[in-house]
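Take a look at the structure set out below.
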Amino acid sequence: MHEIDGSAGGGQMVRSAVSLSALSGEAVRVENVRGDRSTPGMRPQHVAAVEAAAALTDASVEGAEQGAETLVFDPGSVSATDVSVDVGTAGSIALVFDTVLPLATALSTPASVTVTGGTDVEWAPPLAYTRRVKLPVLAAHGLDAAIDVEQRGFYPAGGGEATLSLSPSSLSPLALTERGPLRRLSVVSVADDSLAEADVAERQAAAAVENIDVGAPASETVDYDDAACAGSSVTVVGVYEHTRVGFSALGEKGTPAETVAAEAAADFQRFHESAAAVDERLADQLLVYQALAGGTVRAPSATAHVETNRQVIEPFGYEFEFTRLDDTVRIERAAVDD
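Counting from 1 along the sequence shown, just add 15 to a position and that's the residue number in our numbering.
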């Protein structure tokens with residue numbers, strides 16, 4: 016059984032440990048889950064992620080409950096089934112999907128995971144990022160998955176619903192060191208129906224485009240939904256020749272839509288002026304796929320999230336090499352001994 020100390024990181028350590036345990040068939044124990052957080056232990060979205068992975072692997076689980084500081088995950092084999100889990104709060108649906116998405120590489124027939132929770136919430140990428148950045152990048156390397164959003168869910172009420180459809184997949188090594196020219200920008204702006212009269216989604220989209228100076232064509236996608244509470248988000252997607260990146264911001268009561276959009280736009284502008292091929296968030300989330308398939312990624316930096324994720328992945332028999340290149344870092348999976 017693999018033993019992981021989760022005290023130095025957050026939920027990503029749980030997600031990666033469970034994903035690799037499920038794929039390797041090797042049990043894992045995570046101690047001190049989120050130990051350095053102000054509220055340590057498992058949160059509702061972590062519990063839902065473990066429940067979804069357990070349903071897809073017929074796993075034996077201990078500690079899949081809110082507040083638990085030790086998790087034991089002992090999987091069976093990955094099998095296709097249709098799973099439904101409810102986070103029970105506005106906890107992130109995207110982060111639940113992150114845990115089970117790699118399991119597509121072990122499926123022989125399609126499976127699906129439906130999650131109720133938050134679609135656009137703090138401390139997690141909105142589903143627009145997962146759908147328009149992460150999935151297309153992984154699709155280019157062989158992963159076959161799609162997300163349908165049935166209902167938006169904002170903080171604090173949640174109540175959103177989305178389904179991840181997984182098909183049997185075979186990954187090729189990740190080749191994400193050169194992004195190529197910027198082909199276009201795509202801005203996705205969503206809000207609750209209660210904000211339609213104030214044109215919040217339209218204003219977010221327009222302001223994002225106005226605050227970016229890169230000389231590329233831009234499209235705006237605006238959507239309103241009858242959510243359980245007011246909320247909004249905007250995501251700026253940069254579509255390059257060889258890759259995609261995304262930067263998001265959440266609306267806050269009392270903060271003008273234009274200010275929200277300017278935050279996401281500024282993050283994209285800073286990235287575009289670097290030589291990186293993927294954004295920092297994606298670099299973190301791609302480590303599991305690099306472990307499985309190999310390859311190299313060039314990111315703006317090796318964040319604390321990347322470092323703690325690395326600590327979880329390497330006990331499963333993988334190693335990574337980090338090389339500083341000017342204003343970026345090259346992350347490469349070392350050769351795996353047969």
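Every residue, glycine too, gets a C-beta built ideally from N, C-alpha and C.
query	result
Please work out which residues of its chain come closer than 6 Å, Cβ to Cβ, to residue 338, disregarding the five sequence neighbours upstream and downstream, and give them in chain order.	345
Quick check: residue 158 and residue 26, are their CB atoms within less than 8 Å of each other?	no
Taking just the CA atoms, how far does residue 269 sit from residue 89?	47 Å
Would you decide whether residue 357 is buried or exposed? Buried here means 16 or more other CB atoms lie within 10 Å of its CB.	As displayed, the chain neither begins before 16 nor continues past 353, which places residue 357 out of reach and without an answer.
Could you pull out every residue in the same chain whose Cβ sits closer than 8 Å to the Cβ of residue 284, ignoring the five residues on either side in sequence?	226, 227, 228 and 229
Do three or more CB pairs link the stretch 166-181 to the stretch 97-115 at distances below 8 Å?	yes
Mapping DSSP to helix, strand and coil, what is residue 292?	coil
Going by C-alpha distance, which of 147, 204 and 180 is nearest residue 167?	204
Rounding to the nearest angstrom, what Cα-Cα distance links residue 9 and residue 288 in this structure?	Here the chain has residues from 16 to 353 only, and residue 9 is not among them.
Is the beta carbon of residue 222 sitting closer than 8 Å to the one on residue 272?	yes
DSSP has residue 314 in a bridge; who is on the other side?	344
Is the number of C-beta pairs between the stretch 72-82 and the stretch 51-58 that are closer than 8 Å three or more?	yes
Which residue marks the beginning of the alpha helix (DSSP H) containing residue 321, and which one marks its end?	319-328
Suppose contacts are defined by Cβ-Cβ distances below 8 Å. Is residue 358 in contact with residue 220 by that definition?	Given a span of 16 to 353 for the chain in the structure shown, any question on residue 358 remains unanswerable.
Can you give me the C-alpha to C-alpha distance between residue 193 and residue 187, rounded to a whole angstrom?	17 Å
Can you tell me whether residue 334 is helix, strand or coil according to DSSP?	coil
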